[in-house]
Amino acid sequence: MNDSPKQKGLRKKLVLELIKKGIKDKNVLNAINLIPRHFFLDLDFVNFAYVDKAYPIGFNQTISQPYTVAFQSEALELKKGDKILEIGSGSGYQTAILVLMKAQVYSIERINKLYRKSKKILKSINLMPKKIIWKDGYLGLIDDAPFDKILIAAACKEIPTQLIKQLKIGGKMIVPIGNEKNQIMNLIIRLSENKIKKIEMGNFLFVPMLKNKI
Ligand code: SAH
Numbered sequence: 003m004n005d006s007p008k009q010k011g012l013r014k015k016l017v018l019e020l021i022k023k024g025i026k027d028k029n030v031l032n033a034i035n036l037i038p039r040h041f042f043l044d045l046d047f048v049n050f051a052y053v054d055k056a057y058p059i060g061f062n063q064t065i066s067q068p069y070t071v072a073f074q075s076e077a078l079e080l081k082k083g084d085k086i087l088e089i090g091s092g093s094g095y096q097t098a099i100l101v102l103m104k105a106q107v108y109s110i111e112r113i114n115k116l117y118r119k120s121k122k123i124l125k126s127i128n129l130m131p132k133k134i135i136w137k138d139g140y141l142g143l144i145d146d147a148p149f150d151k152i153l154i155a156a157a158c159k160e161i162p163t164q165l166i167k168q169l170k171i172g173g174k175m176i177v178p179i180g181n182e183k184n185q186i187m188n189l190i191i192r193l194s195e196n197k198i199k200k201i202e203m204g205n206f207l208f209v210p211m212l213k214n215k216i
């Protein structure tokens with residue numbers, strides 16, 4: 003796959019747009035600047051790769067909007083070496099951003115064909131996460147828990163309490179919560195064994211988080 007000077011230039015413009023929209027984390031912006039988003043899109047949409055929008059990736063799913071990817075990554079205050087569970091690998095674009103930011107990434111996807119496709123792309127650009135797995139994300143990864151951070155890229159109807167149990171004390175989860183039309187981004191901090199703090203961070207739109215792998 004080719005990453006042309008034009009595409010690199012469009013990426014720089016996208017970074018400036020994200021800064022205007024409020025993204026500040028230099029590591030996040032650097033990752034957006036370096037990862038060729040057009041590698042993760044179907045041919046029909048390659049020309050729109052650096053437009054700040056979500057696009058179809060098949061199976062009724064979408065690649066997240068760059069602003070959303072940046073927002074979720076920034077909210078988690080990712081540090082090098084952080085162990086992070088990502089639910090909803092989708093195209094693999096967000097996964098690549100997290101790997102480039104030097105997190106230890108564990109990513110789960112429920113749709114087998116998307117799982118296989120994203121894995122192939124991530125391998126080809128040398129940004130494989132620690133683990134990428136075809137599974138129902140509601141189950142998390144008990145054997146690899148606890149995690150410093152959990153990023154959920156699909157909308158949950160309510161706080162996924164079973165996943166909070168896989169978060170370290172002091173760990174953070176970023177998750178959109180709501181119905182198909184109206185969701186609020188929640189930053190959840192696990193304060194103790196049974197106590198959480200919830201911070202609401204505005205409206206977003208995601209595809210729903212669904213049960214069972216297919
Ligand atoms: N950040 C991804 C966004 C993917 S869209 C990207 O930029 O490409 C959300 C993804 O979550 C979809 O691929 C969908 O199949 C997946 N998903 C939904 N419910 C899930 C579940 N229970 N477990 C794992 N993945 C799930």
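With our numbering applied, the sequence shown covers 3 to 216.
For every residue, glycine included, the Cβ atom is placed at its ideal position computed from N, Cα and C.
Nonlocal neighbours in the same chain, by C-beta distance under 6 angstroms from residue 110, ignoring five residues either side: Start at 1 with the first residue of the sequence shown, and residue 110 comes out as number 108. Same-chain partners within the cutoff: 89, 135, 137 and 139.
Residue 69 and residue 20 closer than 7 angstroms at C-beta: Numbered from 1 along the sequence shown, position 67 holds the residue referred to as residue 69. Numbered from 1 along the sequence shown, position 18 holds the residue referred to as residue 20. Yes, they are a contact pair.
Opposing strand residues paired with residue 180 [DSSP bridges]: Sequence index remark: in the sequence shown, residue 180 carries index 178 (1-based). Answer by DSSP bridge pairing, in chain order: 185.
Residue 46 (DSSP reduced to helix, strand or coil): Numbered from 1 along the sequence shown, position 44 holds the residue referred to as residue 46. Three-state DSSP puts residue 46 in a helix.
One or two residues paired with residue 133 in a DSSP bridge: The residue you call residue 133 lines up with position 131 of the sequence shown. Looking at the DSSP assignment, residue 133 forms a beta bridge with 108.
Run of the beta strand (DSSP E) containing residue 117, from where it starts to where it stops: For the purposes of this step, residue 117 is identified with residue 115 of the sequence shown, where counting begins at 1. No beta strand (DSSP E) contains residue 117, which is instead part of the alpha helix (DSSP H) from 114-126.
Cutoff 8 angstroms; reference residue 62; Cβ partners in own chain excluding five residues on either side: Counted from its first residue, the sequence shown places residue 62 at position 60. Here the set comprises 209.
Contact the region 162-176 vs the region 96-109: 3+ CB pairs below 8 angstroms: no
Residue 168, buried or exposed, once every other Cβ within 10 Å from all chains shown has been counted against 16: Position 166 of the sequence shown, counted from the start, is the residue given in the question as residue 168. Burial call: buried.
Beta-bridge pairing of residue 175 - partner residues as DSSP gives them: Here the question's residue 175 lines up with position 173 in the sequence shown. 152 and 190.
Helix, strand or coil at residue 144 according to DSSP, with G and I counted as helix: Along the sequence shown, one-based indexing puts residue 144 at 142. Of the three classes helix, strand and coil, the one that applies to residue 144 here is coil, per DSSP.
Limits of the alpha helix (DSSP H) - the one that residue 99 falls within: Reading the sequence shown from its first residue, position 97 is the one you call residue 99. From DSSP, the alpha helix (DSSP H) with residue 99 extends over 95-102.
Residue 144 versus 71, 126, 155 and 164, residue with shortest Cα-Cα distance: Indexing the sequence shown from 1 puts residue 144 at position 142. Selected option, being the one with the closest Cα: 164.
Burial state of residue 188 (16 or more Cβ within 10 Å): Counted from its first residue, the sequence shown places residue 188 at position 186. By the 10 Å Cβ count, residue 188 comes out buried.
Extent of the continuous alpha helix (DSSP H) run through residue 73: Translated into the one-based positions of the sequence shown, residue 73 becomes position 71. Element bounds for residue 73: 68-77.
Alpha-carbon spacing of residue 22 relative to residue 191, whole angstroms: The residue you call residue 22 lines up with position 20 of the sequence shown. The residue you call residue 191 lines up with position 189 of the sequence shown. For residue 22 and residue 191, the distance between alpha carbons rounds to 27 angstroms.
Same chain, Cβ closer than 7 angstroms to residue 72, five either side skipped, listed in chain order: As a working note, residue 72 is residue 70 in the sequence shown. Same-chain partners within the cutoff: 20, 25, 30 and 34.
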